[in-house]
Each structure stands twice: as C-alpha cells, then as structure tokens.
Amino acid sequence: MSINDLVETNNDLSDVEPILYVKNWMTPEPLCIKSEQSIQEAGEWMISHKLNTLPIVDDDHHFLGTIRLRQVLSYFLHNSRDVKVGRDLFKRNFAVVHPEDSILEVISLPYNELPVLDSEGKLIGLLSKGDITDGFSKYISMLKQKQHTAEALNTVLESAYEGIAVVDENGTIQEFNEAYSRFTGIEKENAIGRHVTEVIDNTELHMTVKTGLAERGVLQTIQGHEMVVHRIPIVKNGAVIGAIGMLIFEGISEIYKIYERLKDTDAEEPERGTKQVGKKKENHITLDQIIGVSEEIKATKRLARRAARTAATVLITGESGTGKEMFAKSIHHLSPFATGPMISVNCAAIPEHLFESELFGYEEGAFSGAKKGGKPGKFELANNGTIFLDEIAELPLSMQTKLLRVLQEKEAERVGGVKKYQTNVRVIAATNQHLKELVEKGTFREDLFYRLNIIRLHVPALRERKQDIPILLSYYVKEICEKYRVQTKRFTHEALSTLTHSEWKGNIRELVNTIERVVTLIDEPVIGKDHLNGLFSVKEDRENQIPDEKPHSLLDEAKRVGKDREKETIVQAIKDAGGNKTKAAERLGIHRTTLYQKLKSLDIS
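Taking my numbering, I'd label the letters of the sequence shown as residues 33 to 637.
So, in structure tokens, the structure goes:
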C-alpha cells in the first residue's frame, strides 16, 4: 500500500493530527538579534553558531525579518561593521507560520527555514525543512503502525488457541473469539453486546476499565476451574477506552508472547536509528522508560526529544522527586554526544572550597593532600559527552563566574596548572528553585542564567498529571512485589481514588516510598482504603511520643526510618574502620568531606 493510500484510507485522523502541529517540531527559543545591534555582532553570532540566516526582533521580541550571512559579508567588505541591523537590511518578503499550523500545509513553501510566531507576532521558534521532514516521516510511520497493529490483532483473534475477550469502556463485550466460545459454551454472537459479567464467571475485566491497572497471571474460577488470566487496559489519547481479557489454558501462551513482542517493538520504535556504541542497552535511560500518558508529560517528552537533537545547553526545572535526572540521561542518550560519557555532578553535595578542583581538576602539588600526578576534573571526564549539573542553584557565586567562562570559551584550567585544555561538553543543568528569583536577589548571576536557559525543560509535578498516577502505581507495585518476592497486590477502586487525589508533595519519590511501605506492611492481596487510612495514621509507641505531638505523615515516617538506618550504617562503618574516618568513607563509597557533613547533620559524635 502506498503512502497516499494510507492517508486516504485513514478516515479518523483525530488521534494523530496533533503530532502534525508546527509547535511539536519547531526549534523553540531560537537565537535571534535585536534591530539595534550591529552587523559585527550579527556576523560573530552567525559564524560562531554556523547559521546562514538570523532572525531579527525588536525589544519586545516581535519578529521583524531576517538577515543573511551574505548581507553581513557585504557590509564587512565595505568596512561597515558598526552599522546597526536596521529595517533596510533585513529581508522583508518572508513567510511566517503559527504553532497550531499543520506541517502538511507548509511543506510546499519555498523556504529553508520558517519563523514561528505567536498570536502577538512574537518569535517563539524556527521550523526548518529537516524539521518538517522529520514530522511528516513520523506521521506516515504512525499510519503504517496503525494499519499493521490492526492486521496483527485480527490475525491473533482468528488463530489464537487461548480465549480472548475485548470490552469497551462500559464493560460491554466487543470481541469474543472462538476459543473463549468453546470453553464457556456461549456462542460468539450471543456474547457480543452483553455485559461481560453476564458471560464470564467471576470476571473483573470491567473493573480493569475503571482502574486502568493491568493484571497479569492472576487466578480466576471459570466454569468451576481455576484459570490463569491476564487483564490489560486499552488506552487511547490518555483515556482508558476498554480492556482485553486473555484466558491462558496452559503456561505462558504463544498469544501473550506475541503481545509482548508487539509491545516491545512499539516501545523501541522511537529509539531506532539512535547510535549507541560501546554501551549496554540496559544501562540506557530512554524517554520511553519515563512512565506517563498525560498530555503534560507527553509535551515534556516531545520537547526533550527536540532538545536532544541539538548541542544547546538545557535547563531542567521541576520539584524534587519529579525525575529531572531521568530526563537528563534520556537527552544524553538521544543526542550527538551519546557515544561519550555522561558525568553527573550534585552541586549541593560538594563543599565550596572543593568546587573548582572537582569540576576542573588539579595538578600535582596544587594544595596540601593533592594526589600524585593530579586529578582530572568532571569537565575533563565528560569530554565528548555530557555533564549534568544537578542542583545548579547551589553553585557558589565564585564558581558561577568560572563556570560561565568555561561555557563561553569552551576551555578550562586545572587548579595549580598553567596550561588550558579544550572542552567539548554538552551541558545539562537542573534545579528545583526559581533561578529568575535568585537572579533578582543577587545570589545567582544573570549572565550565567541566560547562558544555561537556552532550552528550558520543565518537568511537571505529579499532582499536575494525576492521569499518570494509576499507571505509576501499577508499575511500581509489580516491581516492588518482585523485589521483595511477595504476592502481587492490587488496589480497590476506593484506594486507587484516594492515592490518585493525594498531594504527593514528594512526587514520584514519595509515591515509590509509599508503595514500598504498603507492600511490606500489608499481607492481603487486595489493598483497600481502610488499609491506607491505617497506614497514614500510624503513630509511634506512646512512650516514645512527645505529648500532643501531631501524627507523623507517611513521608515523615519514611524519612525518619531512612535517617535512622543511615545513622546506624555510618556508625557501624566507623567502628569497623577502627575510628579511621578516611577508611570509613571508603567503606561507605562516599567522599571523606561528605562523611563529615553527614556526621554533623545526623548528630553523630
């Protein structure tokens, strides 16, 4: 079938048309120049960033036109470098597009690059021919995949030995294959159109539609026999529109293997073509491993994918526990720097006096205790790769200046050294603070902020994407049950509703800790709302409680337990090391300075 046939035979495109929007494929926040700046500056920028054209904007960021490298060279030849980029210089005959335009509508325009303007005429992005081609290719791929999936499911239903039933959002049977019909003795024609509870004994397939949680390998008594069944929700555009029930007659069926293969192929599709050399696949964090179907997280993943294709600096913002480092790793592994290393630096964990040597390295004899032969810094270790600067807001002002210089000049110098070394490093920074506010307070350099804030990627808080909570609960319940080798558990509708509407101030980190506590403390396979109420109101023994103290929250309790365990581990390590803190730090796998900080924070004498 040809591409045209695919497009013509696809009658319902409402689920794929949003991917054609210009805003999903443009390069956001492009480099531009103001009309009052000079030709000299325009030329330097274009040569430095290898640009053929440069958008021109006014002080309010309204788009005025473009200036070409050929024009700049002409003014250079006539020694007119100080001339301002005025209205008589830039190209007036240009076409513009808007974020909600379809790339199919602009693909025929005779321009290599199109400015993207918002409703106020402000420049918000650039759309190149390559971007349009990428978007159109993805669109065609989705159409082909849609046709392929439909054909695969038809083949499965017709030839499967195992029973398969499909229900809609109301629990009404839409598909009922021959195998299920033979087992139940109910004809396919008599089953389709009826509620699933009227046809299949003890079924909970209608509940799968309500909870959106997959259940695999659970026991169900049908016709007096205990059978192994799988229940899998069907999700479209972020909403559960039905569910598939699979009746397994013996062991792991071929049909479920087919299902797993189809699922794996679908998950790997976006990553095809990514060059991965010298690294194992399981060590990679990809965008497909970031769980979520909400529009908020999908938009963030789309922008991350776009950012990964460039070498621009990325600033990831978001609350603690939202998964900023996972996005950073995903961007690295999708970027041109994927074959190089990714070095992570937690700026909040390094003492101020050690920052420079940690980031840029030091030479032998640079200071007392310096290692023989010196030590390479994080920027050296990350050469031809990515450096991830987490908690960038904690960077001391003195180091902000040095970091800015390294970012601008692409070179650094070891402490105690006299020779500079070149750095070819992609920088990704992250913070849970508002850097703009810190700039206004004077605790963060404004020029460094603008240097880091080239591409802003905001990771939404969990409470802002409640649609993803049931899916996250399903994933982590299964993972933690396997980790502790306990019976798989599931939530009742009321318990799921309670968890979905919780605040989750600690975001995914808090959610995982909560699930771990639920799995380890509740023996029953079904977790109800009463179980959660009991856990959330757990109090310490009255002998250990301060009078009139408010009950601990689940997060407070988890933090307390974790703090106590950490304290016990550190004390034991020091005892095993005979009181030698350097050896104790080595046993714990942390820096000696970090050990001293923990001794102080945990009040260990």
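Beta carbons: idealized from backbone N, C-alpha and C, even for Gly.
Keep in mind the model is a prediction, meaning the values are calculated, not measured.
{"query": "Counted within 10 angstroms of its Cβ, other Cβ atoms place Y482 as buried (16 or more) or exposed", "result": "exposed"}
{"query": "C379 versus Y394, H364 and E423, residue with shortest Cα-Cα distance", "result": "E423"}
{"query": "G157 to A381 span [Cα, whole Å]", "result": "37 angstroms"}
{"query": "Given 8 angstroms, three or more beta-carbon pairs between the stretch 328-339 and the stretch 469-482", "result": "no"}
{"query": "C-alpha gap between I205 and V231, whole angstroms", "result": "9 angstroms"}
{"query": "Length-filtered (3 minimum) beta strand (DSSP E) runs lying within the stretch 100-166", "result": "145-149 and 155-160"}
{"query": "Cβ neighbour criterion (16 or more within 10 Å) applied to E236", "result": "buried"}
{"query": "Cβ-Cβ distance between A527 and Q465 below 8 angstroms", "result": "no"}
{"query": "Local conformation of F392 per DSSP, three classes", "result": "helix"}
{"query": "Classification of F392 by the beta-carbon crowding that lies within 10 angstroms, buried from 16 upward", "result": "buried"}
{"query": "For R488, the three-state DSSP class (helix, strand or coil)", "result": "strand"}
{"query": "DSSP three-state assignment for T235, whether helix, strand or coil", "result": "coil"}
{"query": "Spatial neighbours of Y628 in its chain, beta-carbon cut-off 8 angstroms, leaving aside the 5 residues before and after", "result": "K613"}
{"query": "Span separating the alpha-carbon of E247 from that of G277", "result": "10 angstroms"}
{"query": "Sub-8 angstroms separation of G397 and R446 beta-carbons", "result": "no"}
{"query": "Pair within 8 angstroms by beta-carbon distance, S7 and L319", "result": "Not covered by the structure: residue 7. The range shown for the chain is 33 to 637."}
{"query": "Complete runs of the alpha helix (DSSP H) confined to the stretch 494-526 [at least 4 residues]", "result": "501-516"}
{"query": "Cα-Cα separation, L105 to L83", "result": "13 angstroms"}
{"query": "Whole-angstrom C-beta distance between V325 and D500, which should lie under 8 angstroms", "result": "6 angstroms"}
{"query": "Beta-carbon separation (whole angstroms), Y394 vs G355, contact threshold 8 angstroms", "result": "Incorrect: roughly 34 angstroms between the Cβ atoms, too far for contact."}
{"query": "Exposure of F108, with buried meaning 16 or more beta-carbon neighbours within 10 Å", "result": "exposed"}
{"query": "First and last residue of the uninterrupted beta strand (DSSP E) at A381", "result": "Unbroken run through A381: none, as it is neither H nor E."}
{"query": "Expected contact under 8 angstroms - CB spacing of L347 and L439 to nearest Å", "result": "Rounded, the Cβ-Cβ distance is 12 angstroms, inconsistent with contact."}
{"query": "Status (buried if at least 16 other CB within 10 Å, exposed otherwise) for F208", "result": "buried"}
{"query": "Residue range of the beta strand (DSSP E) that includes Q454", "result": "K452 to Q454"}
{"query": "Closest by C-alpha distance to M358, when choosing among N545, R541, R522 and P87", "result": "R541"}
{"query": "According to DSSP, residues forming a beta bridge with L640", "result": "Since the first and last residues shown for the chain are 33 and 637, residue 640 lies out of range."}
{"query": "Cβ neighbours of N56 in the same chain (closer than 6 angstroms, five flanking residues each side left out)", "result": "R334"}
{"query": "Bridge-paired residues (DSSP) for P87", "result": "T98"}
{"query": "Same chain, Cβ closer than 7 angstroms to L141, five either side skipped, listed in chain order", "result": "A127"}
{"query": "T229 (DSSP reduced to helix, strand or coil)", "result": "helix"}
{"query": "Minimum C-alpha distance to D562 - residue among G611, G75, K242 and F523", "result": "F523"}
{"query": "Beta-carbon proximity check, L155 vs P60, cutoff 8 angstroms", "result": "no"}
{"query": "N535 - DSSP class collapsed to helix/strand/coil", "result": "For the record, residue 535 in the displayed sequence is Glu; it is not Asn. E535 falls in the coil class under three-state DSSP."}
{"query": "Neighbour-count burial assignment, A639, 16 or more Cβ in a 10 Å radius", "result": "Examination of residue 639 is not possible in this model, given that the chain is present from 33 through 637 alone."}
{"query": "Chain-order list of residues whose beta-carbon lies under 8 angstroms from that of M431 (same chain, five-residue window excluded)", "result": "E384, F387, E388 and L391"}
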